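Since the structure comes first, as structure tokens, the remarks are kept for the end.
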């Protein structure tokens with residue numbers, strides 16, 4: 210059964226003729242007639258009694274009409290449902306997160322998500338970034354919240370949160386007067402000290 214043929218059938222049944230149905234559907238009258246004939250042929254029944262002046266549904270036509278209206282209603286309902294912005298997810302999924310995200314970032318987000326979608330089963334894998342990446346590559350997780358920077362040819366990383374890390378120094382340290390310090394400025398002196406100590 211062709212859905213378009215069913216729409217033409219509905220138009221004929223509602224307008225009472227092939228010509229008015231064609232006008233309603235914005236097609237030619239032969240197009241509607243041909244579609245209804247194809248529908249009758251595929252179902253093996255006559256759907257309309259035709260004479261020169263009138264078109265009337267047969268018993269089989271009235272039965273099909275009741276089902277066709279239900280199909281039409283279901284299609285409209287499905288279209289509206291799919292276009293709704295509040296379409297609720299279902300089922301469940303697993304995602305990964307580093308411990309800092311689980312402790313500081315996710316609690317309120319997950320609480321609100323579960324309130325809105327109580328039917329969704331969530332599973333969280335808490336681990337260091339490198340293990341969470343492995344889960345993604347093995348398709349065990351849908352997504353992961355990790356520490357950046359991280360690059361991998363099969364993974365797209367999108368920054369979603371930036372956290373400032375305070376540097377604590379003594380009152381006489383040269384960094385006291387600085388508003389901000391690059392990580393390299395902290396790491397380089399430590400690296401030189403480590404190299405010097407290893408040289409001893």
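In our numbering, the protein residues as written are 210 to 409. Note that the Cβ used here is the ideal one computed from N, Cα and C, for glycine as well. Computed from a prediction, not measured in an experiment: that's the story for all the values here.
Can you pull the DSSP bridge partners for residue 303?
332
Quick check on DSSP: helix, strand or coil for residue 325?
helix
Provide the residue span of the beta strand (DSSP E) that contains residue 218, from first to last.
Not the beta strand (DSSP E): residue 218 falls in the alpha helix (DSSP H), residues 212-224.
According to DSSP, is residue 391 helix, strand or coil?
coil
Under 8 Å, do residue 268 and residue 258 count as touching if we go by C-beta distance?
no
Residue 228 versus residue 282 - alpha carbon distance
24 Å
I need the boundaries of the beta strand (DSSP E) containing residue 264, first residue and last residue.
264-266
DSSP on residue 412, reduced to helix/strand/coil?
What is shown of the chain runs 210 to 409, which leaves residue 412 out entirely.
Sequence ranges, beta strand (DSSP E) only - wholly within the stretch 248-286, length at least 3
257-259 and 264-266
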